[in-house]
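Undergrad: Before I ask anything, here is the structure I am working with.
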Amino acid sequence: MKIPKFVLSILLVACLVMAIGLPAYAAKVIKIGVIGPMKFMQGKGHWNGATMAAEEINAKGGLWVGKKKVKIELVKLDSNEFLSIIDATNAMELAITRHKVDFLVGGFRTEAVLAMQDIAMDYKKIFLGCGAAHPELCIRVAKDYKRYKYFFRGTPFNSRYLVKTCFIQMATVGGILKKVLGIPKVKVAIVAEKAVWVDPMIKAAKGFIPKMGMEVVGIWRPSAVATDVTAELSAIQRSGAHMIFTILSSSVGIPFARQVGELKIPAVQVGINVEAQKDGFWEATQGMGNYVMTLNTYARGVEVNELTPRFVNTYIKRFGETPTYTADTYANIIYGLAPVIEEAGTLDADKIVAILENREYAVPSGKNKYMKDAQGRHLHDLTWGPGYLTSLGVQWQDGKLVGVWPNRWKPAKGVPEITYKGIVPYKIAPWIIKEYKK
Amino acid sequence: MILDIIISGLINGSVYALLAIGFSLIYGAARIVNLAHTAFYMVASYCIYFATHKLGVHPVLAMLAAIILVTLIGLVCYQLFINPIREHEAAVLIATIAMAMAMQEIMLIIFTGDYLSVPSLIGGYLKIFGVKIAYQQLLTFGVALLILAGVWALLKKTRVGLAIRSTAQDREVANLMGMNESRVAMITMGISVGLAAFAGAVVVPLTVVNPHMWMHPLIFMLAIVVLGGLGSLKGSFVGAYILGFTEASVVFLIPLGAFLKGSVALSVMILVLLIRPEGLFGVAFEEER
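One line per chain: the protein sequences are A and B, in this order.
Its first residue numbered 1, the first sequence is counted upward by one per residue in this note's numbering.
Its first residue numbered 439, the second sequence is counted upward by one per residue in this note's numbering.
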């Protein structure tokens, strides 16, 4: 039987319309690609956070997309980005072209996220970055909004604010050293791994530490994967440093803290040591990481707002460990993306971007508000500061990771002091007290 | 500062020497370039972690068990993957790197990419002229020297050592003299992998155990054996200390470029090769042919 040409044309057009147009309106599931180094703690955090969010949403029957409730389906994508940026970009391509994800969350290493960001933007996919801190990721949004508007920083706030928070914490600890040990001018050794995200922080530290009344006695930049830093530690001790400002996100954070403890180097550690944010740090350093202080997002028993205990306690119950900041995929999905999808009533990326970039919403670590730059252009970067996101200062005290900052922090004159519920006093290591207390 | 450099260089150099001598030994005796050498070191580290943390075995016993187990694994790998293709050097290179990758992936699947560690055998530190050295580092240094002395004694004072040295000098003549060259190669492989496992055992309390911990030492070990002269045990020993001291010097002299310590050490190797292509104690290529 011969099919008339015009019937064939109508059939073809109908097929085309169904293929292109229907997914947005008749999606059976909302696919969220969770991309990260899945064989590492950071990727596990991404996945665990997203899993919690998806389970919570699906338990309620899904999200309202228009008049239909649609469930969330997660797609796990191993970016292997610590070892290969090519693997990361391949994972991103795979997520979009093969798994046909609607949204993406995750990414950790700036070098890899910059490359993954470009791929996501090529396909106009909303990508909520949950790990990389370099400002360039969001500067791109302001510079070329049309292309990069689909990228949002999900966590942490950018490295400029990370370093600002570190300075505030350094000033706090410096004050304690002066008061308790009578050190008139605190000498600081900067130890920063060799990585892109660290470079702007070192520049800022060199300029700002002297303004805080402290002295920079040297900068050491070990490899991010160094396993022995005893040579660096000998040099630091020779420099007479009272404080070590650490900027370490990789494995080097473990041998560094362990060897400081083993050799009883008389200097407090303040700054960022991502390894020290994890519950496994105590065992990894064989307890030598005692008294290490680091910037962190969550700590057991510390409440930033009413959402914190619920998230932290559920996470600990579900996964047996305290969440690290990459687990903020949870907040980004449940408090960021989900309400916007329901409000937009569609999965259309442009409509979602327009709503998301203007929202202000509470998350377990504070409140998310997307910033604009000095020229009023959208940055899609997170706002830092009291009332928004401040992070925590946490310290290992005898096997427990406790919150020690903000503790009576006065952000500005005339502003009330801030102390989060559950914060405890900072402790100086006994060998440091012994070394300096006259 | 010079003292700091000397002490750090001696400790680093000893560990590198342990690895490089094992590698040189199997190359010298059997012309096998075993790129999986440091992967055995990684497997030994994981075995010790598993035995101490999961089975509750005493660290010293765990170390001994790991050395025996990894040596056996090495011998099995040799029989299965290296011996059948021994005469094809390129194939051996590919096979051994594939073995290393496989071991890495197996460890990644079993233990994930988490950074793990093993407790020190002796806690505390000693102060020598103001330089703090952990007792564990001193122990590592001492044990490394003992092992190196043991290897020297084995090669110089025993019949097995004589066979290994003869085979290293001329495989064909050694064969004609009635030595079972294939068996000597297997014994040498066992000793070589055993040395890698021993390096893993003495280093594991000082390092972070992870599936990729074999890569950096591999590059360094290759640099050392090329610098010292391929197949030369004396060369590996000297080369290891040269690179150990270079590394320490970079950290003390250019703190901002501490991450460059590996690159600077490799540059020293290139520099030596430009002046002396056969390495410090190697046989000139022309002569070898």
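A virtual CB, placed ideally from N, CA and C, is assigned to each residue, including glycine.
If you're wondering where the values come from, they're calculated on a predicted model, not measured in any experiment.
At which residue ranges does the stretch 323-394 of chain A contain complete beta strand (DSSP E) runs of 3 or more residues, listed in the order of the chain?
TA: Taking only runs of at least 3 residues, the beta strand (DSSP E) segments lying wholly in the stretch 323-394 of chain A are 360-363, 366-372 and 378-382.
Undergrad: Straight-line CA distance for residue 98 (chain A) to residue 637 (chain B)?
TA: Straight-line Cα distance between these residues: approximately 45 Å.
Undergrad: Quick one: residues in its chain with C-beta nearer than 8 Å to the C-beta of residue 24 (chain A), no 5 flanking neighbours on either side, listed in chain order?
TA: Here the model assigns residue 24 (chain A) a pLDDT of 46, short of 50, so the residue's position is not dependable, and the following value carries that caveat. Same-chain partners within the cutoff: 346, 347 and 348.
Undergrad: I need the DSSP call for residue 624 (chain B), collapsed to helix, strand or coil.
TA: In the structure shown, residue 624 (chain B) sits in a helix (DSSP, three-state: H, G or I).
Undergrad: Rounded to whole angstroms, what is the Cα-Cα separation between residue 692 (chain B) and residue 650 (chain B)?
TA: So the two alpha carbons sit approximately 27 Å from each other.
Undergrad: For residue 697 (chain B), decide whether its Cβ has a neighbour in chain A, counting only Cβ atoms nearer than 7 Å.
TA: True, the Cβ-Cβ gap to chain A drops below 7 Å.
Undergrad: Please say whether residue 280 (chain A) and residue 247 (chain A) have beta carbons closer to each other than 7 Å?
TA: No; because the gap between Cβ atoms is not below 7 Å, this pair is not in contact.
Undergrad: Which residues does DSSP list as the beta-bridge partners of residue 293 (chain A)?
TA: In DSSP, residue 293 (chain A) forms a bridge with A:395.
Undergrad: Do residue 189 (chain A) and residue 239 (chain A) count as a contact pair if the criterion is CB distance below 7 Å?
TA: Against a cut-off of 7 Å, the Cβ pair of residue 189 (chain A) and residue 239 (chain A) comes out as a contact.
Undergrad: Less than 7 Å separating the beta-carbons of residue 243 (chain A) and residue 276 (chain A)?
TA: Contact flag unset, no.
Undergrad: Quick one, which of A:157, A:156 and A:209 has its alpha-carbon nearest residue 174 (chain A)'s?
TA: With distances taken between Cα atoms, residue 174 (chain A) lies closest to A:209.
Undergrad: Taking buried to mean at least 16 other C-beta atoms within 10 Å of its own C-beta, is residue 221 (chain A) buried or exposed?
TA: Result: buried.
Undergrad: Could you have a look at residue 273 (chain A) and say whether DSSP puts it in helix, strand or coil?
TA: Correct three-state label for residue 273 (chain A): strand.
Undergrad: If you drop the 5 nearest sequence neighbours on each side, which residues of the same chain put their C-beta closer than 6 Å to that of residue 553 (chain B)?
TA: Same-chain partners within the cutoff: 646 and 648.
Undergrad: Of all the residues that make up the stretch 275-299 of chain A, which are near chain B by a beta-carbon distance shorter than 8 Å?
TA: Those would be 275, 280, 283, 284, 285 and 286, in chain order.
Undergrad: For residue 726 (chain B), I'd like the list of residues in its chain whose CB is within less than 8 Å of its CB, leaving aside the five on either flank, ordered along the chain.
TA: Per-residue confidence for residue 726 (chain B) stands at a pLDDT of 45, beneath the threshold of 50, marking its modelled position as unreliable; the derived number appears in the next sentence. Closer than 8 Å at Cβ, skipping near neighbours: no residue.
Undergrad: Please classify residue 403 (chain A): does DSSP put it in a helix, a strand, or coil?
TA: Of the three classes helix, strand and coil, the one that applies to residue 403 (chain A) here is strand, per DSSP.
Undergrad: Ignoring anything shorter than 3 residues or poking outside the stretch 558-616 of chain B, list the beta strand (DSSP E) runs there in chain order.
TA: Entirely contained in the stretch 558-616 of chain B, the beta strand (DSSP E) runs reaching 3 residues are, in chain order, 563-566 and 569-572.
Undergrad: Could you work out which residue in A:182, A:304 and A:132 is closest to residue 407 (chain A) when comparing CA atoms only?
TA: Looking at the Cα atoms, A:304 is the closest of the given residues.
Undergrad: Can you grab the Cα-Cα spacing for the pair residue 286 (chain A) / residue 644 (chain B), in whole Å?
TA: Straight-line Cα distance between these residues: approximately 11 Å.
Undergrad: Quick one: which chain A residues come within Cβ less than 8 Å of residue 555 (chain B)?
TA: Under the 8 Å cutoff, chain A gives 254, 258, 283, 284, 285 and 286.
Undergrad: Is any non-hydrogen atom of the ligand NAD found closer than 6 Å to the C-beta of residue 359 (chain A), if you look at the structure I gave you?
TA: The ligand NAD is not part of this structure, which contains no ligands at all.
Undergrad: With burial defined as no fewer than 16 other Cβ atoms inside 10 Å of the residue's Cβ, what is the status of residue 432 (chain A): buried or exposed?
TA: Residue 432 (chain A) should be labelled buried.
Undergrad: On the CB-based measure, 16 or more other CB atoms within 10 Å of its CB, does residue 442 (chain B) come out buried or exposed?
TA: Buried, because 16 or more other Cβ atoms sit within 10 Å of the Cβ of residue 442 (chain B).
Undergrad: Sort out for me which residues DSSP pairs residue 218 (chain A) with in a bridge.
TA: Answer by DSSP bridge pairing, in chain order: A:189.
Undergrad: Beta carbon of residue 626 (chain B), beta carbon of residue 468 (chain B): below 7 Å?
TA: Yes, Cβ-Cβ distance for residue 626 (chain B) and residue 468 (chain B) is below 7 Å.
Undergrad: Would you kindly work out how many angstroms separate the C-alpha atoms of residue 198 (chain A) and residue 159 (chain A), rounded to a whole number?
TA: The straight-line gap from Cα to Cα measures roughly 8 Å.
Undergrad: Output yes if chain B places a C-beta closer than 7 Å to the C-beta of residue 153 (chain A); else output no.
TA: Taking Cβ atoms only, chain B never reaches closer than 7 Å to residue 153 (chain A), which makes this a no.
Undergrad: Quick check on the burial criterion: 16 or more other C-beta atoms within 10 angstroms. Buried or exposed for residue 201 (chain A)?
TA: It is buried - the Cβ of residue 201 (chain A) has at least 16 other Cβ atoms within 10 Å.
Undergrad: For the stretch 377-401 of chain A, which residues have a CB atom closer than 7 Å to at least one CB atom of chain B, in sequence order?
TA: Residues: none.
Undergrad: For residue 130 (chain A), write down the residues that DSSP places opposite it in a beta bridge.
TA: Per DSSP, A:155.
Undergrad: Take residue 398 (chain A) as the anchor and find which of A:288, A:252 and A:390 has the nearest alpha-carbon.
TA: For residue 398 (chain A), the nearest C-alpha among the options comes from A:288.
Undergrad: What are the residues in the stretch 419-433 of chain A lying within 9 Å of chain B by C-beta distance?
TA: Against chain B - using a Cβ distance shorter than 9 Å - the stretch 419-433 of chain A contributes no residues.
Undergrad: Since residue 50 (chain A) and residue 32 (chain A) should fall inside the 8 Å C-beta cutoff, what is the C-beta to C-beta distance between them, to a whole number of angstroms?
TA: With a Cβ gap of about 7 Å, residue 50 (chain A) and residue 32 (chain A) count as contacting.
Undergrad: Report the three-state DSSP secondary structure of residue 652 (chain B) (helix, strand or coil).
TA: Three-state result, residue 652 (chain B): coil.
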